[in-house]
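The structure under discussion appears below in the form of structure tokens.
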Amino acid sequence: MSILVDNCNHWIGFHIVDELLENSYTVDGIGDEDSVLAMFLGRNSSFNFVKPDVKKHYDTAIIIGDQSNTGIKSGQSLIINPVLVDRVENRVEINVPLLFGEWMPMNEKGFYYNNTFITFDSDFFQTEAIYIKDFTKGLMQWLKMKELPSTLEVRSEKNKDNQHVKLENAVYIRDNRPMEEKVKSVLEHYYLYKKFYK
13 MSILVDNCNH
23 WIGFHIVDEL
33 LENSYTVDGI
43 GDEDSVLAMF
53 LGRNSSFNFV
63 KPDVKKHYDT
73 AIIIGDQSNT
83 GIKSGQSLII
93 NPVLVDRVEN
103 RVEINVPLLF
113 GEWMPMNEKG
123 FYYNNTFITF
133 DSDFFQTEAI
143 YIKDFTKGLM
153 QWLKMKELPS
163 TLEVRSEKNK
173 DNQHVKLENA
183 VYIRDNRPME
193 EKVKSVLEHY
203 YLYKKFYK
């Protein structure tokens, strides 16, 4: 399966590419080749940076955020938290409420989400947050499915009470480890690579 990740060195895109490579996919990426995260991606022979006007056809394109690259040709597009991407055909919109993980814009107390600072000890974080590696493991399963709904609403299992989500479109991710362990792991990474964080 040929896969393109647009905005591959966004922190979410980085984790998606990393998981794809761990699962033996060959991945092309559109992104800034001079970024810090590009340094980590570029070390894998199964990964290539390509230009935004790439003409190659991909089985799947994964688009992070508000990218609206009309030149992407793919059998299926998975769009993570879509904005302004109406021109993409055969798309699946994957809406995630609150992802957290290594390389996100953060400090010791929390991180930024939609220009709002979320603390690790807040009720919102405790009920809504999904660790990025739990999300990417789910994404690997969704890639193998023959047919997906046009919209997937990804939620933490702790937040099953959301009345605005259609059950047929909902995917609930269960925590396999305590949230404190995941936060500790993210903070350890932050302290180790602090000078590279934004």
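13 is the number of the first residue of the sequence shown in the working numbering; add one for each residue after it. Note that the Cβ used here is the ideal one computed from N, Cα and C, for glycine as well.
Taken through DSSP and simplified to helix, strand or coil, N107 comes out as strand. For the pair G41 and V17, the CB atoms are nearer than the 7 Å cut-off. By the CB criterion at 7 Å, E140 and L111 fall outside the cutoff. At the C-beta level, H27 and I144 come within 7 Å of one another. In the three-state reduction of the DSSP assignment, I75 falls in the strand class, which pools E and B. About 5 Å separates the CB atoms of V39 and F59; that is less than 8 Å, so the two are in contact. By a beta-carbon distance limit of 8 Å, L32 contacts I15. Their separation comes to about 6 Å. Judged by DSSP secondary structure, E165 falls within the beta strand (DSSP E) whose first and last residues are T163 to S168. Secondary structure note for F137: its alpha helix (DSSP H) is the uninterrupted segment D135 to E140.
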